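Here the protein sequences line up with chains A and B, keeping their order.
Heads up: the first sequence is residues 0 to 125, going by numbering that gives the first Met the number 0.
Heads up: the second sequence is residues 0 to 367, going by numbering that gives the first Met the number 0.
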Amino acid sequence: MSEVKYSKEHEWIKLDGEEATIGITKHATEMLGDIVFAELPEKGSNVDKDGTAGVVESTKAASDVYTPVSGEVIDTNQMIVDDPSKINEDPEESAWFFKLKIKDKSEMDSLMSKEEYEKFAKETSA
Amino acid sequence: MNIKKTSLNNLHIKYGAKLVEFAGYQMPIQYKDGIIQEHKFTRSHSGIFDVSHMGQLFISGGDNLTNDLEKIFPADLKKLKTNQSKYSFLMNNKGGIQDDLIITKISDGFLIILNAACKYNDYEVIKAKLDNQYKLNLDESLSLIALQGPEAKNVLNKVIPGCDNLKFMNGNNYVYNNEKVYITRSGYTGEDGFEISIKHSDAETLVESLIENGSKLIGLGARDTLRMEAGLCLYGNDLDNETSPIEANLKWAIPKSRIETEFVGSEVLKNQFQSGVKKLRVGIKPDSRVIARGNTKIYNDKNQEIGKVTSGTFGPSVEHPIAIGYVDNSYSTVNTKIFLEVRGKKIPANICNLPFYKKNYVKGEINV
């Protein structure tokens, strides 16, 4: 069974065995506005928990995308590079950013559940 | 300081605006549709912009007013006909731009539209340079509403009949709700359009009738992408008091008749006209989808720094990243290859012609 968790930087992470899929939340896309550019980490590279692993840009500004866990990048989603507007359309499903082979599953423990994230998002945007 | 609200504040909230502070005012950055849809709607239909934060400075009194204003502004005010507008500058002694503005000759003097962030300072500067005999009124009892886009003339004509007779950069008095309004055919989006100066108490009903006739409120976010595509400068980004109109590639706004005459900054400008300038404002198009924002450093192919970006975004109508910046004059030719430093990488780009998006102004006999 897969487990979905959320970070304070507004990323979601879905863990299936050792494979973690990471993207940004719907709430994040609403704050950013129309996304017009996405940059992803290189396949085969290693990323560290809370480190930069990509960039999204709206018409207004650029924002870093962080990885909520450490691991090796095993896949990236070319679809969102070719058409960044897909991130606004379907951020928590088809418009995922990258997949990692997770290094340490215990890094998932400090992340938030859906309920906790929703509460956090509501409080921080108020 | 308290944040000021414009007369349309309730309407902004009603139509779902995301509000931000801009130049001391609470202004809409976007509405529910978002910047890209708002931008495209303006280019295909018409958009309503609340620009009430901008200054409306009325100057009147005295036979010598035109002469005295020509000592401040490099525009040919003597040739200006009543109700005609010109784009000009308030400069400092070094030829640096303190504000860019639109001067319109009206029946009893001049109306000058000033940038919001500059208006109080402009007022003090202009007042200090003018004789006390003139009356200066930075009128804060008026709202300013811009209607922009190919449908603007049809929409506005339904609400205020006759305004479609105006030519570009011309204005006139009209009546709305039994009150006088002053309308100019102008704007800052690269589209045909109008700016309507109207009493605060009538602004909301005017905007609601424009909406009923098919227009939509558009936020400052789309105003910025629209003006960038049109190659127009934003004061504070692309223009500042260290940059002259010649460096800003706005030479066209200094008429030949004024080059040999005296105005604030005229010596520096005359010199620059004769000997040229070191830096020049250019259009920049990155080769890839990477966006270069303001303050991005620009390099040549030998990795030498040659300038910086002053505005940059993704252009929704040109469907490509665009930027405006200043480069060393020897790199200002169209198609020169340059490199933009974005997040540590050098992104190839080209110098290109401005505007990025072709203008659709309705020209009269007298053009700018």
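Where a beta carbon is used, it is the ideal one built from N, C-alpha and C, also for glycine.
Note that the coordinates shown come from a computational prediction; the quantities given were computed from them, not determined experimentally.
Asked                                                                                                                                                   : Found
Is it the case that the Cβ atoms of serine 59 of chain B and lysine 134 of chain B are separated by a distance below 9 Å?                               : yes
Just mark alanine 127 of chain B as buried or exposed, buried being the case when its beta carbon has 16 or more other beta carbons within 10 Å.        : exposed
Whose Cβ in chain A lies nearer than 7 Å to the Cβ of isoleucine 346 of chain B?                                                                        : Ordered by position in chain A, no residue passes the 7 Å Cβ test against isoleucine 346 of chain B, which lies about 11 Å from the chain.
Within the chosen definition, does the segment 224–235 of chain B reach the segment 185–199 of chain B through at least 3 CB pairs nearer than 8 Å?     : yes
Taking phenylalanine 313 of chain B as the query, report the chain A residues whose CB atoms sit under 8 Å from its CB, ordered along the chain.        : Val35, Phe36, Glu56, Thr58
So, with DSSP's three-state summary, where would you put arginine 280 of chain B?                                                                       : strand
Express the C-alpha separation of leucine 110 of chain A and isoleucine 346 of chain B in angstroms, rounding to a whole number.                        : 36 Å
With three or more beta-carbon pairs closer than 8 Å as the criterion, would you say the segment 29–36 of chain A touches the segment 44–59 of chain A? : yes
Helix, strand or coil for lysine 85 of chain B per DSSP?                                                                                                : strand
Within 9 Å of any Cβ in chain B, is that where the Cβ of threonine 123 of chain A sits?                                                                 : no
Which residue wins for smallest C-alpha separation from isoleucine 159 of chain B, given the options B/Ser45, B/Lys277, B/Ile182?                       : B/Ile182
Just the Cα atoms here: how many angstroms apart are leucine 155 of chain B and isoleucine 144 of chain B?                                              : 11 Å
Between the segment 209–221 of chain B and chain A, which residues of the former have a C-beta closer than 9 Å to a C-beta of the latter?               : Gly220, Ala221
Would leucine 100 of chain B pass as a contact of leucine 113 of chain B if the rule is Cβ separation under 9 Å?                                        : yes
Can you find at least 3 beta carbon pairs, one from the segment 85–92 of chain A and one from the segment 20–28 of chain A, that sit closer than 8 Å?   : yes
Is cysteine 351 of chain B near lysine 250 of chain B, with beta carbons less than 9 Å apart?                                                           : no
Which chain E residues sit within Cβ distance under 7 Å of isoleucine 12 of chain B?                                                                    : In the displayed structure, chain E is absent; the protein chains listed are A and B.
Within 8 Å, do at least three Cβ pairs link the segment 7–22 of chain A to the segment 68–76 of chain A?                                                : yes
What residue does the alpha helix (DSSP H) around isoleucine 182 of chain B start on, and which one ends it?                                            : Isoleucine 182 of chain B -> not in any alpha helix (DSSP H); beta strand (DSSP E) instead, spanning 178–183.
Answer with yes or no whether the minimum CB distance from threonine 332 of chain B to chain A is below 9 Å.                                            : no
Looking only at C-alpha atoms, which of B/Thr224, B/Ser265, B/Phe355 sits nearest to histidine 38 of chain B?                                           : B/Thr224
Using a beta-carbon distance below 9 Å, is serine 112 of chain A in contact with chain B?                                                               : no
Using the beta-carbon count (16 or more within 10 Å), is lysine 35 of chain B buried or exposed?                                                        : It is worth fixing the name first, because residue 35 of chain B is isoleucine in this sequence and not lysine. Buried, since its Cβ has 16 or more Cβ neighbours within 10 Å.
Could you check what DSSP says for glutamine 271 of chain B in three-state terms: helix, strand or coil?                                                : helix
Rounded to the nearest angstrom, what separates valine 72 of chain A and glutamate 150 of chain B at their Cα positions?                                : 50 Å
Helix, strand or coil, according to DSSP, for methionine 53 of chain B in the structure here?                                                           : coil
Closer than 9 Å, CB to CB, is threonine 224 of chain B near chain A or not?                                                                             : yes
Of all the CB atoms in chain B, is at least one closer than 9 Å to the CB of glycine 32 of chain A?                                                     : yes
Just verifying my parser: in three-state terms, what is the DSSP assignment at histidine 44 of chain B?                                                 : coil
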